[in-house]
Amino acid sequence: MSVVTEISPSDLQAVPEIGALMDRHGWGSLASGVVAFPGRNDNWAGTTCAGVGVFVKKISGPDAGARFRRALSFTRLGPAAGVVSPACIAADEAGRVLVFELLEGARDGNVLEQDGLFTPETACEAGRLVGRLHQVSAAEGVLDATAPAWPRLGGLKALTLQEFTALSGAQLELFGLLQQDAPLVDAITGLGVLSRQAQAVPVHCDLRLDQFLVHEGTLHLADWEELRMEDPARDVGAFLGEWVHRSVLATGHSEASAQTFVASGVRELHNRLPFMEAFWSGYQQAGRTASHGLAHRATAFAGWHLLDRILAAGTERMRLSALDRAGIGIARGLLCTPSAFRDVLGLSVSSQGAHS
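Here you go:
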């Protein structure tokens, strides 16, 4: 669950570009109920002097300019295709500030899942949203065509000194395990080759449950900083990988063996199968053709997503836990033998599915 912090509107005086952008639109400054959200960017929400509810994001950090342009590119692409998202109502490229309509009372997918309110019906609508995005016809040059910075192929062979000093003990341990696993490295490399051969479509490229927001009964998909032309299996696999990750976490933190953890994780995954099947059904309802190639790559991407989650969770830890190691084992199976796990993730494919 996101932790929000109440702040004084005067605190935003340190970010004058926000006030300037608000004034240009006649909204006045943020005046009441201002809260800040954690994340790689600075984010605020509140109501302006003119009574306009806004969510403000100042994109910062590495590659900020490109991430701003990708986020803004969605406004020229997605809404017309029926991809529901919080409306961007103002933007300032010089300050890399984006202003969105405030979805007052919206709850993200993480919160809904924790409260037992993320239903198979919600997952089906999520599939339809992603499927509509992948159906969008984008003119050349409208979207970024550069590949995301994955997989860390260099790190799978050797880390640079800068990488080595920046990683935690747990992350270094993970890379050590990966570097010694030649079949897994080959599987990740092979996934990259297959992905580059797939037909590129508009892809979110950072799909997680907390990117989905439910507001007044309508599901929205947010955060478009990684939007680009890519393999559609990346988004499908990421959504499935979210449920695989939750299945691993649900196995608990006992000192049982890795084999026991894997068996328990498979049982937990079976309990989450209705969500994955519903997503895949909704995805196909949006008009996306289902093929063995797409399902195969999506299964492997689910494994990559799980590894990425384990890497992110280890940021402030010295050692990998037994749970982490069990998750690595499951991720390895998904990446090395996706055909054996495709149906386990609900990716049944009709005989009419076309190549994609």
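Using numbering that gives the first Met the number 0, the first residue of the sequence shown is number 0, and each one after it goes up by one. Note that the Cβ used here is the ideal one computed from N, Cα and C, for glycine as well.
Tell whether a beta-carbon distance below 8 Å holds between residue i and residue j.
i, j, result
"L220", "V55", "no"
"R318", "G168", "yes"
"D342", "R227", "no"
"L322", "V265", "no"
"L212", "A137", "no"
"L132", "H203", "yes"
"P61", "F274", "no"
"A35", "I17", "no"
"R66", "E224", "yes"
"L193", "R271", "no"
"R32", "A49", "The identity of residue 32 in the sequence shown is Gly, whereas the question assumes Arg. No. Outside cutoff."
"G332", "F340", "yes"
"A325", "L306", "no"
"L128", "L20", "no"
"C87", "S280", "no"
"A30", "P8", "yes"
"G313", "L158", "no"
"V51", "A44", "no"
By the 10 Å Cβ neighbour count, where 16 or more other Cβ atoms means buried, how is residue i classified, buried or exposed?
i, result
"L310", "buried"
"G130", "buried"
"H354", "With a pLDDT of only 35 at H354, under 50, the local geometry of the prediction cannot be trusted, and the value read off the model is given with reservation. With fewer than 16 other Cβ atoms within 10 Å, it is exposed."
"Q113", "exposed"
"S347", "exposed"
"F163", "exposed"
"A93", "exposed"
"M0", "Residue confidence for M0 is low, a pLDDT of 43 falling below 50, so the modelled location carries little weight; the figure read from the coordinates is stated next. Flag for M0 reads exposed."
"D222", "buried"
"D230", "buried"
"L344", "buried"
"D107", "buried"
"G175", "exposed"
"H269", "exposed"
"L11", "buried"
"Q179", "exposed"
"R23", "exposed"
"L177", "buried"
Which residue from the options puts its Cα closest to that of residue i?
i, options, result
"V3", "L160, N42, S28", "N42"
"G240", "L116, A339, F36, L334", "L334"
"P337", "G189, N109, P147", "G189"
"L293", "R331, A63, A197", "A197"
"A285", "T314, W223, V135, L177", "V135"
"A125", "L160, G27, E276", "E276"
"K156", "G140, V141, V184", "V184"
"G216", "G332, A232, T159, L111", "L111"
"G38", "A146, D209, L158", "D209"
"V200", "A232, L171, D10", "A232"
"G64", "G52, D205, T250, N40", "N40"
"H214", "H24, A79, S84", "S84"
"T145", "Q170, G154, A90, R195", "R195"
"G251", "R316, S320, T159, L206", "S320"
"D205", "A181, I187, P78, P147", "P147"
"R245", "D91, G115, A13, A80", "G115"
"G25", "L171, S290, A89", "A89"
query: Does the segment 91–107 come within contact of the segment 61–72, defined as at least 3 CB pairs closer than 8 Å?
result: Contact between the segment 91–107 and the segment 61–72 is present, because at least three Cβ pairs lie under 8 Å.
message: At 4 residues or longer, what runs of the alpha helix (DSSP H) sit wholly inside the segment 108–143?
response: 108–113, 119–134
query: Any contact of the segment 230–238 with the segment 292–303, i.e. 3+ C-beta pairs under 8 Å?
result: yes
- prompt: Which ranges does the beta strand (DSSP E) cover as unbroken runs of at least 3 residues, wholly within the segment 197–271, from first to last along the chain?
  reply: 200–202, 211–214, 217–220, 227–229
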